[in-house]
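Participant: Sequential numbering from 5 applies to the sequence shown in the working numbering. Here a beta-carbon is modelled for each residue, glycine too, at the ideal position from N, C-alpha and C. Bear in mind that the values here come from a model prediction, so they are computed numbers and not experimental data.
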Amino acid sequence: VMETQTGEIKAISNLGRTSDGKYYERLNYAIGESHEPGSTFKLMSLVAALEDGKVDTATVIDTEKGRWRIYDRTVRDSKRGGYGEISVARAFEVSSNTAFAKIIHENYKTEPGRFVNQLMDMGLHEELDLPIKGEGKPVIRFPGDKGWSGVSLAWMSHGYEVSMTPLQTLAFYNAIANGGELLRPRLIKEVREWNKTIQRFEKKVINPSICSKETIEKVQQLLKNVVEKEHGTGHRLYSPNFSMAGKTGTAQKNYVERDPDKLAYISTFAGYFPAENPKYSCIVVIHEPDKSVGYYGADVSGPVFKSIAQKIYANNPVIDEVQDLRFENHKLDSDYERYFAEAQKDHQHVPDVKGMSGMDAISILENLGLEVEVKGNGKVKKQSISKGTALKKVKKIVLELS
Numbered sequence: 005v006m007e008t009q010t011g012e013i014k015a016i017s018n019l020g021r022t023s024d025g026k027y028y029e030r031l032n033y034a035i036g037e038s039h040e041p042g043s044t045f046k047l048m049s050l051v052a053a054l055e056d057g058k059v060d061t062a063t064v065i066d067t068e069k070g071r072w073r074i075y076d077r078t079v080r081d082s083k084r085g086g087y088g089e090i091s092v093a094r095a096f097e098v099s100s101n102t103a104f105a106k107i108i109h110e111n112y113k114t115e116p117g118r119f120v121n122q123l124m125d126m127g128l129h130e131e132l133d134l135p136i137k138g139e140g141k142p143v144i145r146f147p148g149d150k151g152w153s154g155v156s157l158a159w160m161s162h163g164y165e166v167s168m169t170p171l172q173t174l175a176f177y178n179a180i181a182n183g184g185e186l187l188r189p190r191l192i193k194e195v196r197e198w199n200k201t202i203q204r205f206e207k208k209v210i211n212p213s214i215c216s217k218e219t220i221e222k223v224q225q226l227l228k229n230v231v232e233k234e235h236g237t238g239h240r241l242y243s244p245n246f247s248m249a250g251k252t253g254t255a256q257k258n259y260v261e262r263d264p265d266k267l268a269y270i271s272t273f274a275g276y277f278p279a280e281n282p283k284y285s286c287i288v289v290i291h292e293p294d295k296s297v298g299y300y301g302a303d304v305s306g307p308v309f310k311s312i313a314q315k316i317y318a319n320n321p322v323i324d325e326v327q328d329l330r331f332e333n334h335k336l337d338s339d340y341e342r343y344f345a346e347a348q349k350d351h352q353h354v355p356d357v358k359g360m361s362g363m364d365a366i367s368i369l370e371n372l373g374l375e376v377e378v379k380g381n382g383k384v385k386k387q388s389i390s391k392g393t394a395l396k397k398v399k400k401i402v403l404e405l406s
């Protein structure tokens, strides 16, 4: 979780799972593990194409019935039969692989270096220069490099043949959220000695403007549509009381594997909240989720993203996991969701929402399982249930706004 305006890292959680199903802190995946991002990279591809004037959001693309043959390879959409002829905007919202492969390949096939240069101009090929060791190196191939081929543009367009760490991907989404500034993630705010600040670390700007304001505004709307529109891949995250924006991503790890039972995926959701005037950006990455439950970003990582966002806005933090993990030798006794539920037991009381906007108060209280009745408009003046009341004793709360 990153603060959009400063780049401050508010939280990082890295959990690995053992063969017996237990979780523990093993590696700093967020910083150190570079992998193919999948469809979250469509945002980068779209920004490049918009900046170059190759397409606009209203440009129509034929998704070729969900299958597009390019040389000896086939790009496929997750929806059987494809989406027909759709706009670039809708292609992003439904995450059409064929549409993005065609957008980038057809527009840059005679000058592939131009597309790669756009990505590099945005800073995607550079490490974030973090103050701790072990950052994974991003990989953006250039025409002529080892591994480059006639299908590279098509595959890069939707997040293959490129490699980034989760934090590098988040930094880009954070730049979209804050209006264009690519910030170095700030892990250390200050160093103190005997309660005296001896060194303070200020905001560091890597790139003051990754693209034009016009492009920023266009993709911000599309990221919002991914969640708000019924056809959007992230619509299951939608809440009428709490706005979010972002992009789903599903990357196949072993795409040369022919046995469906052996296929493995990386599920991702990257985005920010609230959708208007974003305060925080966040990325959730889950490797090799149980395919019987689901493996698409919307099904696996998206709900975790929503839960994190709601907890932050409910001012209902998770108990310090580091302390908990030390107690059990860095291992959790159960799966993460059950652990998460246990961690929340000390946060089961009605909060004080007086002075908050009606929307924020509703989001907080509904997230705690309460039925909310609202009278008036504006900010909360009175609440029918006093703060500190045990939630198990309350079903409904009435808010008076003025």
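Short check: CB of L50 to CB of F176, under 9 angstroms?
Facilitator: Sequence index remark: in the sequence shown, residue 50 carries index 46 (1-based). Sequence index remark: in the sequence shown, residue 176 carries index 172 (1-based). Not closer than 9 angstroms, so no.
Participant: With the cut-off set at 9 angstroms, would you say L241 and K310 are in Cβ contact?
Facilitator: Within the sequence shown, residue 241 is the residue found at index 237, counting from 1. Within the sequence shown, residue 310 is the residue found at index 306, counting from 1. Yes, the pair counts as a contact, with Cβ atoms nearer than the cut-off.
Participant: How many whole angstroms separate the CB atoms of I192 and H39, which I take to be in contact at a CB cut-off of 8 angstroms?
Facilitator: Working through the sequence shown from its first residue, we reach residue 192 at position 188. Working through the sequence shown from its first residue, we reach residue 39 at position 35. With 8 angstroms as the limit, I192 and H39 do not qualify as a contact, their Cβ atoms being about 26 angstroms apart.
Participant: Should H162 be labelled buried (16 or more other beta-carbon atoms within 10 Å of its own) or exposed?
Facilitator: Stepping through the sequence shown from its first residue, residue 162 is reached at position 158. Classification for H162: buried.
Participant: Only counting the same chain, and skipping five residues up and downstream in sequence, which positions put a Cβ closer than 6 angstroms to that of R80?
Facilitator: For this step, residue 80 is matched to residue 76 along the sequence shown. Answer for R80: R71, listed in chain order.
Participant: Tell me which residues share the same chain as V398 and place their Cβ nearer than 8 angstroms to its Cβ, disregarding the 5 neighbours each side in the sequence.
Facilitator: Here residue 398 refers to the residue found at position 394 of the sequence shown. Closer than 8 angstroms at Cβ, skipping near neighbours: V354, L374, I389.
Participant: Assuming V288 and F273 make a contact with CB atoms under 8 angstroms, what is their CB distance in whole Å?
Facilitator: On the sequence shown, residue 288 is found 284 positions in, with the first residue counted as 1. On the sequence shown, residue 273 is found 269 positions in, with the first residue counted as 1. Sure, about 5 angstroms apart at Cβ, within 8 angstroms.
Participant: Grouping DSSP H, G and I as helix and E and B as strand, with all else coil, what is L134?
Facilitator: The sequence position of residue 134 within the sequence shown is 130, counting from 1. Coil at L134, not helix or strand.
Participant: With distance defined between alpha-carbon atoms, name the residue in K233, N178, H239 nearest to S285.
Facilitator: Translated into the one-based positions of the sequence shown, residue 285 becomes position 281. Residue N178 is the option with its Cα nearest to S285.
Participant: Any heavy atom of the ligand GDP closer than 8 angstroms to the Cβ of V230?
Facilitator: With respect to small molecules bound, the structure shown includes none, and the ligand GDP cannot be examined in it.
Participant: Please report the distance separating the alpha-carbon of K379 from that of E404.
Facilitator: Taking the sequence shown and counting its residues from 1, the one referred to as residue 379 is at position 375. Taking the sequence shown and counting its residues from 1, the one referred to as residue 404 is at position 400. Using only the alpha carbons, I get a separation of about 5 angstroms.
Participant: For F96 and F146, I'd like the C-alpha separation in whole angstroms.
Facilitator: Position 92 of the sequence shown, counted from the first residue, corresponds to residue 96. Position 142 of the sequence shown, counted from the first residue, corresponds to residue 146. If you take the alpha carbons of F96 and F146, they lie about 25 angstroms apart.
Participant: Taking 8 angstroms as the limit between beta carbons, can you name the residues of its chain near H235, skipping five residues before and five after?
Facilitator: In the sequence shown, the residue the question calls residue 235 occupies position 231. The beta carbon of H235 lies closer than 8 angstroms to those of R94, E97, V98 in the same chain, with the five residues before and after it left out.
Participant: Just mark R330 as buried or exposed, buried being the case when its beta carbon has 16 or more other beta carbons within 10 Å.
Facilitator: Looking up residue 330 in the sequence shown gives position 326. Interpretation of R330 is limited by its pLDDT of 29, a score under 50 that renders its predicted location unreliable; the figure taken from the coordinates is listed afterwards. Classification of R330: exposed, given that the 10 Å Cβ count is below 16.
Participant: Cβ atoms of N245 and E370: under 9 angstroms apart, would you say?
Facilitator: One-based indexing of the sequence shown puts residue 370 at position 366. One-based indexing of the sequence shown puts residue 245 at position 241. In this structure, N245 lies closer than 9 angstroms to E370 by Cβ.
Participant: Can you give me the C-alpha to C-alpha distance between L227 and A181, rounded to a whole angstrom?
Facilitator: Sequence index remark: in the sequence shown, residue 227 carries index 223 (1-based). Sequence index remark: in the sequence shown, residue 181 carries index 177 (1-based). Computed Cα separation, rounded: 10 angstroms.
Participant: To the nearest angstrom, how far is it from the Cα of K396 to the Cα of G253?
Facilitator: The residue you call residue 396 lines up with position 392 of the sequence shown. The residue you call residue 253 lines up with position 249 of the sequence shown. Across the structure, K396 and G253 are spaced so that their CA atoms are roughly 37 angstroms apart.
Participant: Give me, in chain order, the residues of the same chain whose beta-carbon lies closer than 6 angstroms to that of V402; leave out the 5 immediate sequence neighbours on both sides.
Facilitator: Here residue 402 refers to the residue found at position 398 of the sequence shown. Closer than 6 angstroms at Cβ, skipping near neighbours: E377, S388.
Participant: Taking one C-beta from the region 151-159 and one from the region 199-207 each time, how about it: are there three or more such pairs within less than 8 angstroms?
Facilitator: no
Participant: Let me check understanding here. Comparing Cα to Cα, which of E29, D60, K358 lies closest to S17?
Facilitator: Numbered from its first residue, the sequence shown carries residue 17 at position 13. When only C-alpha atoms are compared, the closest one is E29.
Participant: Could you name each continuous alpha helix (DSSP H) segment of 4 residues or more that falls completely within the region 26-61, going from the start of the chain to the end?
Facilitator: 33-36, 46-55
Participant: Should I107 be labelled buried (16 or more other beta-carbon atoms within 10 Å of its own) or exposed?
Facilitator: Counted from its first residue, the sequence shown places residue 107 at position 103. By the beta-carbon neighbour count (other beta carbons within 10 angstroms, threshold 16), I107 is buried.
Participant: Since S91 sits in a beta bridge, which residues does DSSP pair it with?
Facilitator: For the purposes of this step, residue 91 is taken as residue 87 along the sequence shown, with counting starting at 1. In DSSP, S91 forms a bridge with V64.
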